[in-house]
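Trainee: Numbering (my numbering), first residue to last: 1 to 161.
All C-beta atoms, glycine included, are put in the ideal place defined by N, C-alpha and C.
Predicted, not measured: the structure shown is a model, and the values here were computed from it.
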């Protein structure tokens with residue numbers, strides 16, 4: 001069974017500024033610091049934020065059973081198109097019968113408003129038929145929260161410069 005969910009928000013900073021955050025390891029640091037009730041720790045296993053980087057993400061004790069931690073790999077970091085894709089490569093959703101769990105962040109420039117952009121997140125997943133009910137665990141809400149945190153951080157810090 002294959003599925004996809006997505007969400008987007010408008011941010012009052014240029015796309016180039018938003019990409020500085022999304023196209024680096026800084027996003028994981030900000031999220032880890034701002035959401036200790038959700039994420040207890042983010043370790044960089046390897047890499048510098050470019051394609052091939054692997055993060056080990058640990059959830060707080062309140063996380064869903066089976067989702068204590070997982071490792072994700074940055075499979076695409078396209079600075080020109082402002083797209084980052086990550087895939088779960090160990091633990092987490094893979095332990096729950098998912099054969100694929102991919103997250104894509106896109107920073108979309110607003111042509112008529114150079115000081116605004118759209119941040120979009122998409123989850124693509126595939127789950128084995130015998131555990132198809134686990135697809136109900138997929139939610140865009142955590143990524144929507146991440147996008148809002150990032151937007152708040154960007155607006156606050158962009159206006160200071």
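In the DSSP assignment, what are the bridge partners of residue 78?
Mentor: 83
Trainee: Any idea what DSSP makes of residue 110, helix, strand or coil?
Mentor: coil
Trainee: Would you list the one or two residues that DSSP bridges to residue 5?
Mentor: 123
Trainee: Give me, in chain order, the residues of the same chain whose beta-carbon lies closer than 7 angstroms to that of residue 128; leave out the 5 immediate sequence neighbours on both sides.
Mentor: 97 and 99
Trainee: On the DSSP letters alone, give me the boundaries of the beta strand (DSSP E) that residue 55 sits inside.
Mentor: That run of the beta strand (DSSP E) goes 54-59.
Trainee: Just reading off the beta strand (DSSP E) that residue 30 is part of, what are its end residues?
Mentor: Counting along the chain, residue 30 falls outside any beta strand (DSSP E), though it belongs to the alpha helix (DSSP H) covering 26-34.
Trainee: Please report the straight-line C-alpha distance between residue 7 and residue 36, rounded to a whole angstrom.
Mentor: 23 angstroms
Trainee: Between the region 13-27 and the region 70-87, are three or more C-beta pairs nearer than 8 angstroms?
Mentor: yes
Trainee: How many angstroms separate the CA atom of residue 139 from the CA atom of residue 68?
Mentor: 16 angstroms
Trainee: Considering only their Cβ atoms, is the gap separating residue 9 from residue 151 smaller than 7 angstroms?
Mentor: For residue 151 and residue 9, yes; Cβs fall inside 7 angstroms.
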